[in-house]
Structure formats: structure tokens, C-alpha cells
Amino acid sequence: MSAGRGPSGVARRAIRTTLCACGAFYVCLYGLDRPVAATYALFAVVSMAALSRIPGTGDQRAAVLVRTLPVAWLLLTAGTFLAVRTWTAVAGMLLFGFAIAFVAAAGPRAAGAAPGLQLLYILPCFPPYAPDTLGQRLGGATFGLILLILAEKFILPEPRGTTYRELAAGAAGTAARFAAELGRPPYTLPAAEVETARKTGESLRPLHVEEAERPAGPGLRDRALAHTGLGARTLLGRLVTLPPPPPGQPPHKTGQQLLETVGRSAAETGALLAGTGRATAEADALRRLREEVREAAEREPQPVTEVRGRRRAALLEVADAAVAFATAAELAVRGRRAPLPPGTDSGRFWYAGRRAPRLWWHRLAAHAGPRSVHFQNAVRISLALAAARTLAGVESLPHGFWAMLAVLSLTRTTVSQTKATVRQALAGTLLGALLAAGILALVGGHTTVYAVILPLVMLVAFTVGPVRGVGWAQGMFTLVVSFVFAQLAPVTWRLAGVRLMDVIIGSTVGVVFGLLAWPRGAQTELHRAVALLLAREAETVEATTAAVVAGRRDAAPDDRALQLALALAESAYAQRQSEPRAPVAGAPDWQAAMITGHHVLWGSRRLLARAGPDLGPGNGERLSGRADGVAARMRGAAQRAATIPSADGSHGSGAAAVGAAAEPAAEPAAGLGGGGGAGGGAAQVPEVVAPSEFFAAQTWLDSLALDVERVLAPYRAHGPAGADSTDGAAPRPPRSA
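The sequence shown: position 231 = 694 (the numbering used here), numbered continuously.
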């Protein structure tokens, strides 16, 4: 019990599950004398309330259950008819098992519902082959699920936590305050505000947000809300590193006007996200002013001085982040009704106006390959379930669906985690089977006794299991199913032995396929995906800089490879958070690597849309040199990411270790635009004059250099002596990484 708030979340769920499962079971069995309907009513509730873990409040879970009802009917119907032969049931298990597991790519709610939907196919795909009972099966399951939907909405409702929109609205208020402070002397942020920016940005990391509130779905609003959070973090970072005007000189009037408009736009965006405002006038004004400043820079006699060029480029970076933030927020709030303003980068907001089926297809197609952890998980679980169904059919296992239920509930994404889970589950099942056998032997055929104690046992099982671990859960669930089947047909104490045998078979299948199919889970894939992402970032930096140096424009660059690498890295990172991990010193900051990918993508598109004129040999060489340094740092970070450190913090040996030691030393961010802290440092390069495009690209590269330093910060804190040697750039990671 939580102090002053009634039952805990686990207890609330256990109460709802018990009321719905027992209520539906007793009505169908004793009220209507329909044992088939009673069985499906009970297991439908157990599958979607106990086996599934749909995040969110009762209202949110109820909405998911309503949407899954048609899917449940399809699975029950398919399982009923495919039970005609073992091979058809196995083929169906392969198909539906893969499809249900793969849909987890659509976000945490789909992933949470998947195990329960798997069980709704497993239950009817076993003998007896009885298509004439399909009506009872569908009716019982529907009755149970309707009771569960009503219970989720009205019984012990939970308060909703802070939403992601509210977090983003708070970040908008912080950005507006920063913009106002940067418009006053000394035109920098104090250390306390820099720390506030860091904490505010951290609060928007998905890892620090309640699972139900994470914008992880494939729909337009979820994509836009995730984009909103990224835009808020980028805006805060750009404001923190905004260089001040030269000492003793007031800021340029146009720059001050731009900064003031950024503040008003951020405040307006915060009101839109919080639901207290609907206007977008300030965001529109910022878009117009940003274009005016850019056009004025193009008309200004070239070249311009470094101080002026860097300050203006940094202000335009701030404005661009604020515009992206406002655009994404409007899409998140208004959905398809929010048109893209003229001049908006359609590549950045490619999802605007798209319908849900197309966005779902885009998400699933991006993960349709062996490098996606969602694809790997779907293959693993579908093969394991199909193997268990084959064994149950060939060996004619009594209650064989228990073996498949064991596969479903005990198989994890890493083989080590599966083995640990199986050991606990077998111990719990053994103790539960012994206790169940004793009770069955003592009570015999007195079904009234089982009917009386079933609700109590079920309540304890669903309360204690999630808290005390899988051993307790399996032991108590053994009692639950024993008392359920004792009411459906005459049983003896041997039923408990059948349960234990089935769990052993299912556990063995789970361990075997956990060992054969990607046994290390997301760990290896995360290292591989982030290494590839950083390599793609380096390639994009070099290609973009080369285009800027040559004055080439490209309004629609082909950056699909970078986008795909970013999607795979984000999915691997999300799964890795759910897997147990030993503390490892020196692993890169994965989230920083992905944020860097977005910054590369956005900055590249912005620069290529306005490239020109040719920078000339001197400035071109200077900019290319800076880009080569940033790209080398990215490749060094890629080499570091590709190496899986051991628990003692060592980073392997051989080529990987040599490549890590060969990383070039961290370059200081050149010039004012790369300064950290409250407002940048003094210029690190000689005073130059150059076209405005030079300073725009230089500011982008400086910000990326800071991003890469954040990626490598954990390694620098724990890295071996000599890791910062300057022997040369790290080699390019292989394309297959």
C-alpha cells in the first residue's frame, strides 16, 4: 500500500484482474452452464490484464483494449480452425507469433499488449478441433474483455502522471526565460541557469519519462511530440552556448530583435502545449524574421568579420531550433489539421499530413531486417512458440498450451536473462505443483471448495508475483490453473505433475532458442547500430561541407541511410533499457549519439538549401579541415561504440583496442560558436573574414564537436591511460557494422 493513496498500482491491477476473471468465469460456468465460454472468458482477462503489461492509466489501457478487440476475435477464429492439424497450427503460430511480436515496433502500448494477444491464439489452436464451439469461445472472451475494459475505467482508477506535452511546455517556458536573460547585460547565462537547462533537457529523455507518456508510436502526433522534445532540448542547448557580443559593444539591433522574437515564440509554443493558448502568430513572425535576417546576410557585402559572422550564425541556429520546436508542437497538438508553413523543410517534417496506415507501414518497413531488435525478437519468439507447439502436437502433451505459455512468459531477449528466469520459474512451479497436488488430493471432487478459494489465490498470485519475482508468479499461477481446471472437469493430484512437466518443456525450448537466436539481446546490436550511426554522421558531415565549400545547393539531399541508421539505433537503445546490465565503465553516451544524428540531419539540410557562393581556397581549406577533424572524432567515437566493454571497464584487445587508442585528441571548439558553458569562450582561431555561409557551416561544426564530446564523455571519465594519444584518426568502421 502506498501511504495515503490506497492500494499500490500492482494491488489495483490484481483486484481488477481477479474481479473480472472470476466474475466472468462464474457467470459463464455456474450461471449459463457454458464451460467453454467460461474458460475463454477467464483466460481472455488473464491474458490481457496479467500476462500483458499495457502501460498507462486505466483509461489509457481501456482504450488499447477496445482497439485490440477485433484482433482478439481474429486470433481466436484463426486458432480454432487451424487446430485441425498439427502442421496448420504450427504454421499459424509462426505467422501470427511473428506478426504480433513484430508490431512491438509500434511503441510500448503495442509491445505491452503483444503477450496477451499471443495467448489468445495459443489457447484455441490445441485439440479438440471444435469449430462448432467458436461462438462460445468468442462470446466468452468478449464478455471477459468487456468486463476488463469497464473495470479499467471505473474500478480504483489511477491518477495520470506528468505528460510529455507538459514537460515540453515547461521546457518552452525555460527557453523563453533564457532568451530574455540573454538580451540583457552581460548577455550570458549564469552557471545556475546552465544547470537548469541540463536538468530540463534530461527530463525530456525518454528514459526519464513514464512509459505510457513516451511519444514512441508511429502515428503523426507521437512522431511530432517526439520531435517537439528534441526541438526543446536543441533550443536550450543553442541558447546556453550562444556567444555574447564583443566586449564593450552593444548587441546588434537585428540580433536583439531575433532573440526577443525567439523568446515570445517559445512562450507561445509553451502555452499551445499546455492547452492555455492556440495562437501561432509569434512563431510565424519568427519565421519571417529569420528569413529576413538570412536574406540580409546574403545581400550584405562579403566577406564579413569573424565576430559578426559567428554571432549571426549562432543566432540563426537559435532561431532555427525555435522554429522547429514551434512547428513540431503545432503538429503534435493539431495533427493532420496543422499545415506546414511556407518555407518549412518538408524533409524534416516528412510525416506531416500523412495518414496512420502509411506511417505504420513506414515504421514497420524500417525494422523489416535482421539488424532490427524488433525483428530479432519476433523471429526468436515465433520460432520458440512454433517449436513448443510442434512438441505438444507430436507428443500429445496433455494441457500442452501450458508449455507454450511457459515459452511466452519466460523467454527473455538475452540468453543469460532467460536462464536466470527459468531457474526461478522451475523452483516456483515445483513448490506450487507440490502444494496443488496436496490440495487436489485432499479436496478431491468438491468443486465448491475450489470456487471459494480461487478468488483469494488469484488475488495473491497477481499481487505477489509482480513484486516477488517470476518464481512466486509461476508457483502461484500453478495453483490458479489447478483450481480452475478442477472446476471444469474431474481431476486428480496428477494435474499438478502435468503442469510441472509442461513448464519444464516450455522452459527448455525458451532457453534453446534464446541461445540460438541473438543470445546477447540488444547489447551487441546497440553497439553495432550506434557505430554505424556515427559513421553515417561522419560521411554526412564531409559531404555537406564539401558542398558548402563548392557552393552547391541541394534542396532534397538523399539522407535515407542516416535516417535508417538513426531509427535502428533508437530502437536498440529502447530495448537495452529493459534488459539487466552490469555496470560498465566507459560505454559511450548512447542518447547523445542519437541527438548528434538529428543535429547532423537538420544542419545538413539547412546548409545545403542555402549553399553558395564558392568559399575560395583559403576559407574552403579552413572549413574542410574543421570538418575533417569533426568527422575523425565521429569515426573515433564509432570505433569506441563498436567495442563492447567488459564489466571491469576494459575495452578488449587487438584491432578494436588499437583503433580506440588511435582516436585523435579532443579538438577545442573553434571560435565563439563552439564555446561551452554560459556563453562560449574566446576565439580559438585567428581572425578571419569570410562569406556568411562559412560561419553558418563553422557554427554547425562547432556544435557537432561539442555533441561528440558528450558522446565520449563517459569513456573519457573511465578511459585507459593513453587513450587520448594523437597518433592519428581512428580507422573507418566496416560497412557491415
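Glycine included, C-beta positions come from ideal geometry on N, C-alpha and C. This one's a predicted model, so the numbers in the text were calculated from it and none came from an experiment.
(request) Mind checking which residues open and close the alpha helix (DSSP H) that includes T663? (result) Where T663 is concerned, the enclosing alpha helix (DSSP H) stretches over 654-666.
(request) Assign V915 to one of two classes, buried (16 or more other C-beta atoms within 10 Å of its C-beta) or exposed (fewer than that). (result) exposed
(request) Give a yes or no on whether 8 Å exceeds the smallest Cβ distance from R750 to chain B. (result) Absent from the structure: chain B. Only one protein chain is present.
(request) Output the residue ranges of the alpha helix (DSSP H) runs that lie fully inside the stretch 1062-1111 and measure 4 residues or longer, sorted by chain position. (result) 1080-1105
(request) Examine the Cβ distances between the stretch 991-1003 and the stretch 888-904 and report whether three or more of them are shorter than 8 Å. (result) no
(request) Starting from T768, follow its DSSP beta bridges and name the residues at the other end. (result) V1152
(request) Please classify E763: does DSSP put it in a helix, a strand, or coil? (result) coil
(message) Which residue marks the beginning of the alpha helix (DSSP H) containing M511, and which one marks its end?
(response) Unbroken run through M511: none, as it is neither H nor E.
(request) Measure the CB-CB distance between A660 and G726 and report whether it falls below 8 Å. (result) no
(request) State yes or no: is the C-beta of A729 nearer than 7 Å to some heavy atom of the ligand MN? (result) In terms of ligand content, the structure shown is empty, and the ligand MN therefore cannot be addressed.
(request) Count the CB pairs spanning the stretch 646-664 and the stretch 816-825 that are closer than 8 Å, and state whether there are at least three. (result) no
(request) Assign T531 to one of three DSSP states: helix, strand, or coil. (result) helix
(request) Inspect the beta-carbon positions of I517 and R476 and report whether they are closer than 8 Å. (result) no
(request) Could you check which residue in L601, L545, A567, P578 has the C-alpha nearest to that of P533? (result) L601
(request) Can you give me the Cβ contacts of A795 inside the same chain, cut-off strictly under 6 Å, excluding the 5 residues immediately before and after it? (result) R684, A687, L688, T691
(request) In the DSSP assignment, find the alpha helix (DSSP H) that holds M813 and state where it starts and stops. (result) Checking the displayed sequence, the identity of residue 813 turns out to be Trp instead of Met. Note, W813: premise wrong, no alpha helix (DSSP H); not H, not E.
(request) Classify P706 as helix, strand or coil using the three-state DSSP reduction. (result) coil
(request) Could you name the residues of the same chain whose beta carbon sits closer than 6 Å to that of G542, not counting the 5 residues immediately before and after it, in chain order? (result) Y584, P587, C588
(message) On the CB-based measure, 16 or more other CB atoms within 10 Å of its CB, does C483 come out buried or exposed?
(response) buried
(request) Could you spell out where the alpha helix (DSSP H) holding E1033 opens and where it closes? (result) 1023-1039
(request) May I have the straight-line CA-CA distance separating L894 from G938, to the nearest angstrom? (result) 6 Å
(request) Would you decide whether H671 is buried or exposed? Buried here means 16 or more other CB atoms lie within 10 Å of its CB. (result) exposed
(message) Please state the DSSP three-state secondary structure of H862.
(response) Here H862 sits in coil by DSSP.
(request) Using 10 angstroms around the beta-carbon of T481, count the other beta-carbons present and answer buried if the total reaches 16, otherwise exposed. (result) buried
(request) Would you mind stating whether T502 and G603 have Cβ atoms separated by less than 8 Å? (result) Cβ distance < 8 Å, so T502 and G603 count as in contact.
(message) Taking 6 Å as the limit between beta carbons, can you name the residues of its chain near A1145, skipping five residues before and five after?
(response) With a pLDDT of 38 at A1145, under the threshold of 50, the modelled position of this residue cannot be trusted; read the value that follows with caution. Contacts found: none.
(message) Would L1070 and F1157 be called neighbours here (beta carbons separated by less than 8 Å)?
(response) Not in contact: L1070 and F1157 (Cβ atoms no closer than 8 Å).
(request) Report yes if the C-beta distance between L699 and A638 is below 8 Å; otherwise report no. (result) Contact: yes.
(request) Ignore the nearest five residues each way along the sequence and tell me which others in K882's own chain have a CB closer than 7 Å to its CB. (result) If we look at K882 and ignore the five residues flanking it on each side, its Cβ neighbours are V974.
(message) For a test of the three-state rule: what should DSSP assign to Q712, helix, strand or coil?
(response) coil
(request) Name the residue from V566, Q581, G575 whose alpha carbon lies nearest to the alpha carbon of L538. (result) Answer by Cα proximity: Q581.
(request) Enumerate, from N- to C-terminal direction, the unbroken alpha helix (DSSP H) stretches of 4 or more residues contained entirely within the stretch 872-926. (result) 878-906
(request) Alpha carbon to alpha carbon, how far is A1006 from L1169? Give it in angstroms, no decimals. (result) 20 Å
(request) Say whether the stretch 730-743 touches the stretch 621-636, bearing in mind that this needs 3 or more beta-carbon pairs closer than 8 Å, one atom from each stretch. (result) yes
(request) Please determine, among G494, P498, G521, R1103, the residue with the shortest C-alpha to C-alpha distance to I478. (result) G521
(request) Would you mind sorting F617 into buried or exposed? The rule is 16 or more other CB atoms within 10 Å of its CB. (result) exposed
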